[in-house]
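K.L.:
Just so you know, the protein sequences line up as chains A and B, in that order. Residue numbers for the first sequence follow full-length UniProt numbering, so the first one is 1 and each next one is one higher. Residue numbers for the second sequence follow full-length UniProt numbering, so the first one is 1 and each next one is one higher. The beta-carbon is built from N, C-alpha and C at its ideal position, and this holds for glycine as well. Quick caveat: nothing in here was measured; it's all calculated off a predicted structure. The structure is given below, and queries will be raised subsequently.
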Amino acid sequence: MEDKNQESNIGDTCNLNGNCSPPTKNISIDLNHAKNIDDISTPSELKFDEDFEFEDPDVTAKRKEMEKCLENPDIVNIEKWQSFAKSKAGLIADEYRRRIWPLLVGVTRDEMTEPPSLDELSTHVEYNQVVLDVNRSLKRFPPGIPYEQRVALQDQLTVLILRVIIKYPHLKYYQGYHDVAITLLLVCGDKASFPLLCRLSYGPTAPLAPFMQTTMQPTQHLLNYMLPVLRRADDKLADCLDKAGVGTMFALPWYLTWFGHSLNRYSDVVRLYDYFLCAPPLFPVYVTAALVLHRAPAVYACDVDMAMMHCLLSRLPDDLPFEDILVTAKKLYDENDPTDLEAEVDALERREEEQRRLDEERLRQRRVERAGRNRAANGVLARLRRVLPRSPLARGAALAAAAALLAVYAYYRPDLFTR
Amino acid sequence: MTGSSNDHNIAGLKQKKVFKIIVLGDSGVGKTCLTYRFCEGQFLDKSEATIGVDFRERTVRICNEEIKLQLWDTAGQERFRKSMVQHYYRNVHAVVIVYDVTKPETFHSIASWMQEVESHGLTGAPRVLVGNKCDCGTPESRLATAYAQRLADKHGMPLFETSALLDSECDNVESIFMTLAHKLYSKQPLRVVRVEGEPGYGVVTLPRQRKPHITTGTDNCLCS
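Structure follows, in structure tokens:
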């Protein structure tokens, strides 16, 4: 984030199609895909830090308090850091985050060891997948970062990810893990981010651990908690989503990456991480629910159609009031403890299972019917159908014409028919 | 013909017909860029890994009728396939399987993608095979077309080799999806009266074929 050069090297030689021929159209930064981080200059983190004069007085006071605590961090208890991270504006700036994030998850200085070189790790079975995703994570780097620096950071990112999955071989890399890792790396650097990522990935309450199992089943199950939370908060909205059959897939990247993949503003991402680092593991799902609640008017205005709804929800606008959303999420969490929701989630999953079974049954039946129909329609019939006109009227007319012609023919050549 | 096309809309909620196309293939073969190229008409410079499924659409015109093509762009990583993407196979009309011509392993996994497609009952759905990134590597390093063609023939699907990156290949990308759109359009149930063109042929050709018969018939008769 230190670098603030303007768009100096958008057109670098590394593109996502592999590092092959240079792209023909490098300068096209105005993609309609969604505004990317480069396009938004005003709310960037840097600007935020510089504009002290516009800072909320509460935030200024908090900043002062944080600075005081950081002067002698050993005598400050974890609750204090947590309250900084959760309250309005979170940890405010990366210079504070760099020091406080490790404290929030209980990482000590001794754990911040020198990373190995990339070459040492390149034989890992997931190496190619990780490199593939890391190479495509350009959007997540600060705009205008010099090419060499970015490549160095990408190597650090690859090392960081591989180190964790080497240390815990039962944890599986998933696409999106790199989005979490890059956020930690950008804020804390390569030494501190390793133990941080380890804490998030390994252990019974590690928030990323469910995502790293052999299948995505545990993730899907946890994401399903969003629906009863929504249902309890706004029955009508839940009905609307249910009718569209939109499911929870739109929120999957939010949950898997703690919104790192889906938000365009870096400052929003790190703000959320401040909170998530000291919240219960399921808290991001409640934020997801709060976010959908916030967008209720747009959901109501949307066609009741799976595709449309998925499209609407999955693309996040840039001006989301995350402070409010976090407050709502906290309230939702306090009112609907995950353990209270279990029965509803189970019921929901049973219903889905039943639906899936019905679908499969229908599919099988259709297949049987189709096979039967194909047998019945022999070649002649099929050919006849192709030759004959399809409307019953036209078909009748054609038949009548054919009969008349036959009669005329028979009249002139009776010999052919009498013999 | 135009009158009968209205018949179809009585049951449907929308004016436009919607065809759902699912795009499959290994991670990093360019599924996102390909769908982006078709829907937005340009190359996606900073494409990222797709997590779960993404969605794009474009309206095209076939036989004077507007058709909406919905492209479901899926995550390539295997762990997303099993439980996650399942849901999106529902009501799919056509399938695009993409591989990277410079990475043989992505071609070899087509077999498992085909299996996946079949397990969802999409055997009868129109499918195309797309070899992407034909701008990359040297001709020797790229997978031979003949080799890919053999596989495509085996599964009875057309093969396209293209590049989502090159502007010059834009038409080719266009034809991939338009081929599917045309196929889907003509594949609509035959009892729908408005299968464009076909019924007309029947009406016209049948009497024409018979008429010469009459004249020759009468000629013969007069001679004998």
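Along chain A, in chain order, which residues have C-beta atoms closer than 8 Å to that of R90/B?
P.N.:
One-based indexing of the second sequence puts residue 90/B at position 90. Against chain A, a Cβ distance below 8 Å from R90/B picks out D359.
K.L.:
State buried or exposed for S27/B, treating a residue as buried only when at least 16 other CB atoms are found within 10 Å of its CB.
P.N.:
In the second sequence, residue 27/B corresponds to position 27, counting from 1. S27/B comes out buried.
K.L.:
Round the Cβ separation of L165/B and A148/B to the nearest angstrom and send it over; I've been treating them as touching at under 8 Å.
P.N.:
Position 165 of the second sequence, counting from 1, holds the residue named residue 165/B. Position 148 of the second sequence, counting from 1, holds the residue named residue 148/B. Contact flag wrong, Cβ pair sits at about 19 Å.
K.L.:
Quick check on N132/B: does DSSP put it in helix, strand or coil?
P.N.:
To locate residue 132/B, count along the second sequence from 1; it is residue 132. Strand.
K.L.:
If distances are taken between C-alpha atoms only, which option among V304/A, H310/A, S193/A and L227/A comes closest to D110/A?
P.N.:
Along the first sequence, one-based indexing puts residue 110/A at 110. Taking only the C-alpha atoms, the option nearest D110/A is S193/A.
K.L.:
Using a threshold of 8 Å, state whether the C-beta atoms of K17/B and V92/B are closer than that.
P.N.:
Against the second sequence, residue 17/B aligns to sequence position 17. Against the second sequence, residue 92/B aligns to sequence position 92. No, they are not a contact pair.
K.L.:
Assuming Y266/A contacts V345/A under a Cβ cut-off of 8 Å, what Cβ separation, rounded to an integer in Å, is found between them?
P.N.:
Here residue 266/A refers to the residue found at position 266 of the first sequence. Here residue 345/A refers to the residue found at position 345 of the first sequence. With a Cβ gap of about 33 Å, Y266/A and V345/A do not count as contacting.
K.L.:
For F283/A and P143/A, I'd like the C-alpha separation in whole angstroms.
P.N.:
On the first sequence, position 283 is the one that residue 283/A refers to. On the first sequence, position 143 is the one that residue 143/A refers to. Computed Cα separation, rounded: 30 Å.
K.L.:
In whole angstroms, what separates the C-alpha of I29/A from that of C170/B?
P.N.:
On the first sequence, residue 29/A is found 29 positions in, with the first residue counted as 1. On the second sequence, residue 170/B is found 170 positions in, with the first residue counted as 1. Only weak support is given to the placement of I29/A: the predicted model assigns it a pLDDT of 36, under 50, and the value that follows is read from those uncertain coordinates. Looking at the two C-alpha atoms, the distance is approximately 19 Å.
K.L.:
Quick check on DSSP: helix, strand or coil for W258/A?
P.N.:
Mapped onto the first sequence, residue 258/A falls at position 258. In this structure, W258/A counts as coil in the three-state DSSP scheme.
K.L.:
What residues of chain B sit near M249/A, judged by a beta carbon separation below 8 Å?
P.N.:
For the purposes of this step, residue 249/A is taken as the residue at position 249 of the first sequence. Ordered by position in chain B, the residues that pass the 8 Å Cβ test against M249/A are G52, V53, M84, H87 and Y88.
K.L.:
For Y333/A, tell me which candidate among P228/A, T248/A and Y411/A has the shortest Cα-Cα distance.
P.N.:
On the first sequence, position 333 is the one that residue 333/A refers to. Looking at the Cα atoms, P228/A is the closest of the given residues.
K.L.:
Determine, for F80/B, whether the minimum Cβ-Cβ distance to residues of chain A falls below 8 Å.
P.N.:
Start at 1 with the first residue of the second sequence, and residue 80/B comes out as number 80. Yes, because at least one Cβ of chain A sits closer than 8 Å to the Cβ of F80/B.
K.L.:
Closer than 7 Å by beta-carbon distance: list the chain B residues that pair up with residue 445/A, in chain order.
P.N.:
Nothing about residue 445/A can be reported from this structure: the residues present for chain A run from 1 to 419 only.
K.L.:
Just to confirm, are A89/A and I100/A a CB contact at a threshold of 8 Å?
P.N.:
Position 89 of the first sequence, counted from the first residue, corresponds to residue 89/A. Position 100 of the first sequence, counted from the first residue, corresponds to residue 100/A. Not closer than 8 Å, so no.
K.L.:
DSSP has V95/B in a bridge; who is on the other side?
P.N.:
Position 95 of the second sequence, counted from the start, is the residue given in the question as residue 95/B. According to DSSP, V95/B bridges with I22/B and R127/B.
K.L.:
Does the region 209-218 of chain A touch the region 123-133 of chain A, meaning 3 or more C-beta pairs lie closer than 8 Å?
P.N.:
no
K.L.:
Short of 7 Å in beta carbon distance, which residues of its chain neighbour G30/B, apart from the five on each side in sequence? Order them along the chain.
P.N.:
As a first step, residue 30/B must be located in the second sequence, where it is residue number 30. Around G30/B: V98, D100, N132, K133 and A164.
K.L.:
Which chain B residues sit within Cβ distance under 8 Å of K172/A?
P.N.:
The count along the first sequence starts at 1 and reaches residue 172/A at position 172. What K172/A touches in chain B: R79.
K.L.:
Can you grab the Cα-Cα spacing for the pair L138/A / A181/A, in whole Å?
P.N.:
What you label residue 138/A is simply residue 138 of the first sequence in a count that begins at 1. What you label residue 181/A is simply residue 181 of the first sequence in a count that begins at 1. Distance between the alpha carbons of L138/A and A181/A is about 14 Å.
K.L.:
Give the secondary structure of V368/A by DSSP, where H, G and I count as helix, E and B as strand, and everything else as coil.
P.N.:
Locating residue 368/A in the first sequence gives position 368, where the first residue counts as 1. Three-state result, V368/A: helix.
K.L.:
How big is the Cα-Cα spacing for R231/A and E335/A?
P.N.:
In the first sequence, counting from the first residue as 1, residue 231/A sits at position 231. In the first sequence, counting from the first residue as 1, residue 335/A sits at position 335. Rounded to whole angstroms, R231/A to E335/A spans 13 Å at the Cα level.
K.L.:
Since Y273/A contacts T158/A with CB under 8 Å, what's their CB separation in whole angstroms?
P.N.:
To locate residue 273/A, count along the first sequence from 1; it is residue 273. To locate residue 158/A, count along the first sequence from 1; it is residue 158. Contact check for Y273/A and T158/A: beta-carbon distance about 21 Å, past the 8 Å limit, so the pair fails to qualify.
K.L.:
Report all residues from its chain with a CB closer than 7 Å to the CB of K154/B; omit the five preceding and five following residues, and keep chain order.
P.N.:
If you number the second sequence from 1, residue 154/B lands on position 154. Nothing listed; no residue qualifies.
K.L.:
Measure the alpha-carbon distance for R127/B versus M157/B and round it to whole angstroms.
P.N.:
Residue 127/B sits at position 127 when you count from the first residue of the second sequence. Residue 157/B sits at position 157 when you count from the first residue of the second sequence. R127/B and M157/B: Cα-Cα distance of roughly 6 Å.
K.L.:
Give the straight-line distance between the Cα atoms of A400/A and L406/A, rounded to the nearest whole angstrom.
P.N.:
The residue given as residue 400/A occupies position 400 in the first sequence. The residue given as residue 406/A occupies position 406 in the first sequence. Near 10 Å, if we compare the C-alpha coordinates of L406/A and A400/A.
K.L.:
Does K16/B have its Cβ less than 8 Å from a Cβ in chain A?
P.N.:
The residue given as residue 16/B occupies position 16 in the second sequence. It does not; no Cβ of chain A falls within 8 Å.
K.L.:
Can you give the beta carbon distance from residue 422/A to L222/A, rounded, assuming they're within the 8 Å contact cut?
P.N.:
Because residue 422/A is not part of the residues shown, which for chain A are 1 to 419, the question remains open.
K.L.:
Could you list which residues in chain B have their beta carbon closer than 8 Å to that of G176/A, in chain order?
P.N.:
In the first sequence, the residue the question calls residue 176/A occupies position 176. By Cβ distance, chain B contributes A49 and I51.
K.L.:
I'd like to know whether the C-beta atoms of L24/B and T106/B end up nearer to each other than 8 Å.
P.N.:
Here residue 24/B corresponds to residue number 24 of the second sequence, with the count starting at 1. Here residue 106/B corresponds to residue number 106 of the second sequence, with the count starting at 1. Going by C-beta atoms, L24/B is not nearer than 8 Å to T106/B.
K.L.:
Using 8 Å as the threshold, is the region 311-331 of chain A in touch with the region 363-371 of chain A, meaning 3 or more CB pairs across them?
P.N.:
no
K.L.:
Given L184/B, which residues of its chain have a CB within under 7 Å of its CB, disregarding the five upstream and five downstream residues?
P.N.:
Taking the second sequence and counting its residues from 1, the one referred to as residue 184/B is at position 184. Result list for L184/B: F19, H93, A94 and P126, in chain order.
K.L.:
At the 8 Å Cβ level, is K115/B part of the contact set with chain A, yes or no?
P.N.:
Counting from 1 along the second sequence, the entry for residue 115/B is found at position 115. Lys is not the amino acid found at residue 115/B; the sequence shown has Gln there. Q115/B does not count as touching chain A.
K.L.:
Compare the C-beta of R295/A with all C-beta atoms of chain B and state if any pair is closer than 8 Å.
P.N.:
As a working note, residue 295/A is residue 295 in the first sequence. By this cut-off, R295/A is not an interface position.
K.L.:
Using the Cα positions of G41/B and E57/B, report the straight-line distance between them to the nearest angstrom.
P.N.:
Here residue 41/B refers to the residue found at position 41 of the second sequence. Here residue 57/B refers to the residue found at position 57 of the second sequence. Rounded to the nearest angstrom, the two C-alpha atoms are 12 Å apart.
K.L.:
Could you work out which residues of chain B lie near Q365/A, taking near to mean beta carbons separated by less than 9 Å?
P.N.:
The count along the first sequence starts at 1 and reaches residue 365/A at position 365. Within chain B, no residue has its CB atom less than 9 Å from the CB of Q365/A, the nearest being about 11 Å off.
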